[in-house]
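Scroll down for the structure; my scribbles are underneath it.
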Amino acid sequence: MNNSQNAITVIYREHWQKLYIHAYNLLNDEESAKDVVNDVFCSVLESNERLTTEEDLLPLFFVMVRNRCIDQIRHQNVVHKNAERYLEELYSGWTVKEYREYEDKINRMQESIRQMAPQMRTVVEEFFLNEKKCAEISEKLRISDNTVRTHIARALKILRKQLTIFFLKKSYRGVISFSNLYVFNETIDTMIDHSDKKLDYALRAIQHPQLRETDEFLQWIGIPENKELFLELMACKEAVIRENLQRKRKYRKKMRILAIASSVAAVLILAFLIPSLLPSTSLPAEQPIRFFAANNNDEHVVLQMDGRSEQQLLTDSVMDVKDWKTVSADTVCCQTLTTPRGKDFLLVLADGTKVWLNAESRLRYPVAFHGKERRVELEGEACFEVAKDAEHPFIVCANGMNTMVLGTKFNVRSYSVEDRHVTLVNGKVQVTNTVNNKSVTLRPGQDLTYTETGEEKVSEVNIATYTAWTEGMFYFEDVPLEEIMGALGRWYNVNIDFERCELYHIRLNFWANKNTHLDEALELLNKLEKVQVDYQDGTITIKQI
Numbered sequence: 027m028n029n030s031q032n033a034i035t036v037i038y039r040e041h042w043q044k045l046y047i048h049a050y051n052l053l054n055d056e057e058s059a060k061d062v063v064n065d066v067f068c069s070v071l072e073s074n075e076r077l078t079t080e081e082d083l084l085p086l087f088f089v090m091v092r093n094r095c096i097d098q099i100r101h102q103n104v105v106h107k108n109a110e111r112y113l114e115e116l117y118s119g120w121t122v123k124e125y126r127e128y129e130d131k132i133n134r135m136q137e138s139i140r141q142m143a144p145q146m147r148t149v150v151e152e153f154f155l156n157e158k159k160c161a162e163i164s165e166k167l168r169i170s171d172n173t174v175r176t177h178i179a180r181a182l183k184i185l186r187k188q189l190t191i192f193f194l195k196k197s198y199r200g201v202i203s204f205s206n207l208y209v210f211n212e213t214i215d216t217m218i219d220h221s222d223k224k225l226d227y228a229l230r231a232i233q234h235p236q237l238r239e240t241d242e243f244l245q246w247i248g249i250p251e252n253k254e255l256f257l258e259l260m261a262c263k264e265a266v267i268r269e270n271l272q273r274k275r276k277y278r279k280k281m282r283i284l285a286i287a288s289s290v291a292a293v294l295i296l297a298f299l300i301p302s303l304l305p306s307t308s309l310p311a312e313q314p315i316r317f318f319a320a321n322n323n324d325e326h327v328v329l330q331m332d333g334r335s336e337q338q339l340l341t342d343s344v345m346d347v348k349d350w351k352t353v354s355a356d357t358v359c360c361q362t363l364t365t366p367r368g369k370d371f372l373l374v375l376a377d378g379t380k381v382w383l384n385a386e387s388r389l390r391y392p393v394a395f396h397g398k399e400r401r402v403e404l405e406g407e408a409c410f411e412v413a414k415d416a417e418h419p420f421i422v423c424a425n426g427m428n429t430m431v432l433g434t435k436f437n438v439r440s441y442s443v444e445d446r447h448v449t450l451v452n453g454k455v456q457v458t459n460t461v462n463n464k465s466v467t468l469r470p471g472q473d474l475t476y477t478e479t480g481e482e483k484v485s486e487v488n489i490a491t492y493t494a495w496t497e498g499m500f501y502f503e504d505v506p507l508e509e510i511m512g513a514l515g516r517w518y519n520v521n522i523d524f525e526r527c528e529l530y531h532i533r534l535n536f537w538a539n540k541n542t543h544l545d546e547a548l549e550l551l552n553k554l555e556k557v558q559v560d561y562q563d564g565t566i567t568i569k570q571i
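Going by this note's numbering, the first residue of the sequence shown is number 27, and it counts up by one from there.
Take a look at the structure:
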């Protein structure tokens, strides 16, 4: 084996994971990232180039992985038509020397992550690694939403300082002026201000790769300050993933040493634990029902108990099941949560199931689940992340559809008989039409809807278009304008008037932040140059161009 092969072998053994993470950060697909990295190693081995040291080879491998990712997207030639363009915009012209410098910056960022306070590090990992929303992190760690956002902002401030000059050089093509540095420092200082729209947009694009394929993102990334910000956040994510995996690898090594010593003790302890390990037929322990404002929503929703008066519910509140037990266990005591137009909400049920309730929707659910099943009733739209319990199926009843699951994540839309959808994110669901009792089983990535004649239709879909609303976004791909305007009408609490019926069926792609003002959202629609959209006196009017 020659020196080049020795160096390649060392890189494969020691740095494959780094290269994989870099590819995954660009492609957002595990299998594709693995294929790219392995293909690069194979091509280098076959080329027989005289490259002698690991120090020379590693930066070269980063460049090759980057180029291979761009080539792969170029040859796909499918939905990701803009992905190649944004990768070229971000990473074109990177040299081996710059990748060597980039690697040094990532290593420094990992050291900064190790020195963070435990809670801050956990918040950052949940956000970048597990792609959790602030509300979800808040609920999991039992801290306020504001604390989560402050942790993220301060962590980014720490990490971005390692990258400032490097990416400013890239964005301004090697020329850094005092005004450039002033803009950067001003951005850093406003990160604690949660109204920073530029940072919010960049973070959403980090968590949602599909947004990077829009024309709007390509225009946004063309501004040097935006490009520099996004590159830094991508590097932050890469550093968080690397540090997390390295810590797990060290932990597994330590656990292998402990495993041998623990095995004998485990056998003895197991004899005493067997009775407690037998399957239980009871439901999971009841938890307080928790309510959270979704998408920075600070308005009230309406909560009503069966047989009691309505009350306004404050956000970020907790209602203990025990406080409502004024009836016998045989009686099912229910609540109904109603969201008005323009507001959505997140609640956690007594069994731990998370429910995101969209605008103008209603959910009726038991205060505590009893019996063989967990059943709720929905009008409107909700996304469910069901707590696993194989012995007690979770059933959503919505407009003649019964969706049964054991533990999974899915979206149900049922604003009317003509607009019924069940979209599966992960796991497995069975949907039953209550009219003819016909059942359909869905796989992840499939959507079930019903035709005008009542026949079911199953399609492979981009699930992000059905669940983006839970992330505070409007995201539509090739859908009728009527569907887009229906969503805008519910969110902004306005009436919709089509000048001509044929305008209903114009199909569009549309994306916008739900925090966007109505005027800005309508301006985005008009920029598509398909229809003329005007707003006056509480009504949006759609006209032919």
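Yeah, the Cβ is synthetic: ideal placement off N, Cα and C, and Gly gets one too.
None of these values were measured; they are calculated from a predicted model.
Between which residues of its own chain and residue i is the CB-CB distance below 8 Å, once the five residues before and five after are set aside?
i      : result
Arg446 : Ala424, Asn425, Gly426, Met427, Arg439, Ser440, Thr475, Tyr476
Gln43  : Arg268, Leu271
Ser354 : Model confidence at Ser354 stands at a pLDDT of 39, short of 50, so the residue's coordinates are unreliable and nothing is read from them.
Thr307 : Note that Thr307 has pLDDT 40, beneath the 50 cutoff, so the model's placement of it is unreliable and no number is given.
Tyr561 : Val520, Leu544, Asp545, Leu548, Thr567
Asn211 : Model confidence at Asn211 stands at a pLDDT of 45, short of 50, so the residue's coordinates are unreliable; what they give is reported in the following sentence. Excluding residues within five positions, none has a Cβ falling inside 8 Å.
Asp563 : none
Report yes if the CB atom of residue i is closer than 8 Å to the CB atom of residue j, and no otherwise.
i      : j      : result
Ser58  : Gln98  : yes
Val149 : Ile139 : no
Val455 : Val487 : no
Thr364 : Arg388 : yes
Leu155 : Asn64  : no
Asn521 : Gly515 : yes
Glu135 : Leu185 : In the sequence as displayed, the identity of residue 135 is Met instead of Glu. Cβ atoms of Met135 and Leu185: closer than 8 Å.
Val461 : Gly480 : yes
Asn459 : Glu482 : yes
Ile586 : Phe88  : The question about residue 586 has no answer, for the chain in this structure spans 27 to 571.
Glu129 : Leu167 : no
Glu386 : Asn51  : no
Ala49  : Val91  : yes
Thr362 : Arg390 : yes
Ala413 : Thr449 : no
Asp504 : Ser485 : no
Val374 : Glu40  : no
For residue i, which residues of its own chain have a beta-carbon under 7 Å away from its beta-carbon, when the five flanking residues on both sides are left out?
i      : result
Ala490 : His234, Gln236, Tyr501
Tyr518 : Gly368, Leu544
Phe153 : Ile163, Ile178
Cys160 : Asp171, Val174, Arg175
Val559 : Leu548, Leu551, Asn552, Ile566, Ile568
Glu399 : His418, Pro419, Ile421
Asn539 : Gly498, Met499
Glu151 : Val266, Asn270
Excluding the five sequence neighbours on either side, which residues of its own chain have a C-beta within less than 6 Å of the C-beta of residue i, listed in chain order?
i      : result
Leu53  : Ala59, Cys95
Phe536 : Phe502, Ile510
Leu255 : Ala228
Ile8   : No answer is possible for residue 8: the residues shown for the chain start at 27 and end at 571.
Leu259 : Ala228, Ile232
Arg126 : Pro85
Gly453 : Thr434
Ends of the beta strand (DSSP E) at residue i?
i      : result
Lys380 : 380 to 383
Leu167 : Note, Leu167: premise wrong, no beta strand (DSSP E); alpha helix (DSSP H) at 160 to 167.
Pro17  : In this structure the chain extends from 27 to 571, so residue 17 is not present and cannot be described.
Asp560 : 557 to 562
Val374 : 371 to 374
Gln24  : Since the first and last residues shown for the chain are 27 and 571, residue 24 lies out of range.
Which residues mark the beginning and the end of the alpha helix (DSSP H) in which residue i is found?
i      : result
Glu549 : 544 to 553
Ala231 : 223 to 233
Ile566 : From DSSP, Ile566 is part of no alpha helix (DSSP H) but of the beta strand (DSSP E) over 565 to 570.
Val150 : 144 to 154
Leu244 : 241 to 247
Answer yes or no: does any C-beta atom of chain C fall closer than 8 Å to that of residue i?
i     : result
Val70 : Absent from the structure: chain C. Only one protein chain is present.
Within the present structure, is the beta-carbon of residue i separated from the nearest heavy atom of the ligand MN by less than 7 Å?
i     : result
Val66 : With respect to the ligand MN, the structure shown offers nothing to examine, as it has no ligands at all.
Inset, instruction - List in chain order: all unbroken alpha helix (DSSP H) runs of 4+ residues lying wholly within the segment 491 to 541. - result: 507 to 518
Legend entry - Inter-stretch contact (C-beta, 8 Å, three-pair minimum) for the segment 407 to 417 and the segment 430 to 447: yes
Inset, instruction - Would you check if the segment 522 to 531 and the segment 491 to 501 touch, i.e. whether three or more CB-CB distances between them fall below 8 Å? - result: no
Inset, instruction - Spell out a yes or no on whether the segment 502 to 513 and the segment 450 to 467 are touching, meaning 3 or more CB-CB pairs, one atom from each, closer than 8 Å. - result: Touching, no, given that fewer than three Cβ pairs across the two stretches are closer than 8 Å.
Legend entry - In chain order, each beta strand (DSSP E) run of at least 3 residues that lies wholly inside the segment 422 to 493: 427 to 431, 435 to 442, 445 to 452, 455 to 459, 465 to 468, 472 to 476, 482 to 486
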